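Numbering (our numbering), first residue to last: 14 to 450. Every residue, glycine too, gets a C-beta built ideally from N, C-alpha and C. From a predicted model like this one, the values you see are computed outputs, not experimental measurements. Here's the structure we're looking at; comments come further down.
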Ligand code: UGA
């Protein structure tokens with residue numbers, strides 16, 4: 014199948030490379046010249062495990078190329094729209110500028126029988142509006158909505174072997190044709206019996222935001238329990254293990270800590286709230302505001318704990334921050350709780366030195382006022398307190414006895430409840446977890 018992928022960010026670059034790897038002929042298009050030049054030379058503009066290998070192999074096969082010229086989409090039969098939908102400045106709603114621009118730019122290049130496939134996370138109602146635009150031009154092309162559920166850090170695997178496929182398609186013959194085209198594209202996943210839900214536009218759009226809202230709620234639920242554990246002396250990690258044994262609840266996404274961040278969960282729950290309010294049903298998802306508040310309170314809690322744990326005033330106190338990315342195996346610092354904690358501590362006057370295996374460059378671009386080190390050893394040296402905020406294996410594997418020889422005061426705030434508290438205490442550390450005695 015000849016495919017174009019409009020937007021080559023985290024989602025589009027992975028999608029374009031993976032589709033070419035699956036045997037399709039793909040052109041990835043983006044307005045960012047630097048990004049396109051890098052991808053064309055086999056360099057990934059962000060850290061994503063497994064992507065460099067797939068990108069290199071797909072480029073070598075001759076089935077993948079990149080361009081900044083939208084006219085290159087002409088000739089492809091299926092056009093994936095994979096541009097970002099960030100939070101609008103000064104509002105909770107999603108900014109649809111890039112989606113609208115991508116579809117409008119595509120319109121002159123569409124041919125009869127072409128399928129435009131929305132992958133971006135959008136407010137419910139967007140697909141119907143875009144389908145109207147495509148219909149108005151009278152090219153005989155149609156639209157489908159095919160939400161993406163990939164996780165950063167596992168993006169390649171999630172794209173090639175997704176845990177489900179969702180197609181939102183129009184009624185009638187256009188819908189049938191869209192299903193056939195998508196089935197051809199995802200032939201390997203279909204052959205592997207991947208569950209497939211064929212539905213209407215609104216359901217497909219809502220599946221994506223509902224899934225992210227559920228995940229965010231699950232994390233904030235356990236973080237709310239963490240707050241109760243903190244005032245009652247309970248241990249939230251044991252509580253999570255115990256309730257997680259109930260298969261109806263499940264243990265995954267019940268890790269209490271500094272909370273969720275990234276380019277998806279936070280902005281998606283806000284955009285969902287904004288859209289529900291527009292539709293006159295704000296009360297239905299009003300709880301998501303609470304989910305958001307609980308989540309942001311956890312960042313403050315880590316900052317407060319650090320202030321309390323230091324055996325001296327925070328001003329000029331040396332604080333080592335382990336972690337900057339919003340989660341391990343990613344260099345993404347969008348709405349990162351880790352970076353936020355580092356910035357807040359710096360704002361209180363602490364002498365913050367932060368490290369991360371992948372996210373220093375992105376952090377520095379946003380917060381040049383922070384000090385960074387690529388070395389764990391240098392970061393720990395002389396610290397009055399250590400704050401772990403991203404659970405990279407490199408940090409989990411730190412030997413507490415070795416670390417104790419480097420710091421000024423062996424005090425650790427484990428913002429991800431990821432360390433073995435007993436082991437750290439045995440090595441002489443004062444250990445603080447979240448929601449743990
Ligand atoms: C999320 C969803 O998991 C994907 O299914 C979805 O496709 C994607 O958003 C998207 O909309 O594109 P991602 O943003 O990569 O994926 O990150 P997650 O793995 O969901 O983690 C989100 C945040 O929750 C991270 O900051 C993580 O540290 C935090 N988290 C996760 C917790 O605090 N506790 C947990 O138990 C699990």
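DSSP, reduced to helix, strand and coil, places residue 122 within a helical segment of the structure shown.
In the DSSP annotation of this structure, the continuous segment of the beta strand (DSSP E) that includes residue 398 starts and ends at 398 to 401.
Residue 79 sits in a strand when the DSSP states are folded into three classes. Here DSSP, grouped into helix, strand and coil, assigns residue 218 to helix. If only complete runs of 4 or more residues are kept, the stretch 234 to 263 shows the alpha helix (DSSP H) at 249 to 257, in order along the chain.
Relative to residue 448, the option among 216, 160 and 252 whose CA is nearest is 252. The beta carbon of residue 120 is closer than 8 Å to those of 146, 147, 150 and 152 in its chain, skipping five residues each way along the sequence. Using a Cβ-Cβ distance cut-off of 8 Å, the stretch 116 to 135 and the stretch 16 to 28 are in contact, since at least three pairs of beta carbons, one from each stretch, lie closer than that value.
Burial check for residue 47: the Cβ neighbour count within 10 Å stays below 16, so the residue is exposed.
Short of 8 Å from the beta carbon of residue 102, and not among the five residues preceding or following it, lie these beta carbons of its own chain, in chain order: 108. According to DSSP, residue pairing for residue 342 in a beta bridge does not occur. Residue 376 sits away from residue 165, with the two beta carbons spaced by 8 Å or more. In the three-state reduction of the DSSP assignment, residue 411 falls in the coil class. In this structure, residue 424 lies away from residue 405, with their beta-carbon atoms at least 8 Å apart. In chain order, 257 place their CB closer than 7 Å to the CB of residue 263, counting only its own chain and leaving out the 5 sequence neighbours on each side.
Taken in chain order, the complete alpha helix (DSSP H) segments of 4 residues or longer contained in the stretch 171 to 212 are 186 to 198 and 200 to 204. Residue burial annotation: residue 56 is exposed, with fewer than 16 other C-beta atoms found within 10 angstroms of its C-beta. Residue 31 and residue 273 have their alpha carbons spaced roughly 27 Å apart. For the options 373, 389, 391 and 27, the alpha carbon positioned closest to that of residue 383 is the one of 373. Buried is the label assigned to residue 137, since at least 16 other Cβ atoms lie within 10 Å of its Cβ. Proximity of the stretch 53 to 71 to the stretch 81 to 97 falls short of the contact definition, fewer than three beta-carbon pairs being nearer than 8 Å. Short of 8 Å from the beta carbon of residue 302, and not among the five residues preceding or following it, lie these beta carbons of its own chain, in chain order: 286.
If the five residues before and after residue 86 are omitted, its C-beta is found closer than 8 Å to the C-beta atoms of 17, 19, 40, 42, 92, 119 and 122, all from its own chain and listed in chain order. Nearest C-alpha to residue 143 among 177, 126, 183 and 401: 183. For the set 411, 390, 134 and 206, the Cα lying nearest the Cα of residue 226 is the one of 134. Between the alpha carbons of residue 433 and residue 214 lies a gap of roughly 47 Å. For residue 331, the enclosing beta strand (DSSP E) has its first and last residue at 331 to 335. Where residue 319 is concerned, the enclosing alpha helix (DSSP H) starts and stops at 300 to 322. C-alpha of residue 63 to C-alpha of residue 169: approximately 6 Å in a straight line.
Beta-bridge pairing by DSSP links residue 366 to 333 and 384.
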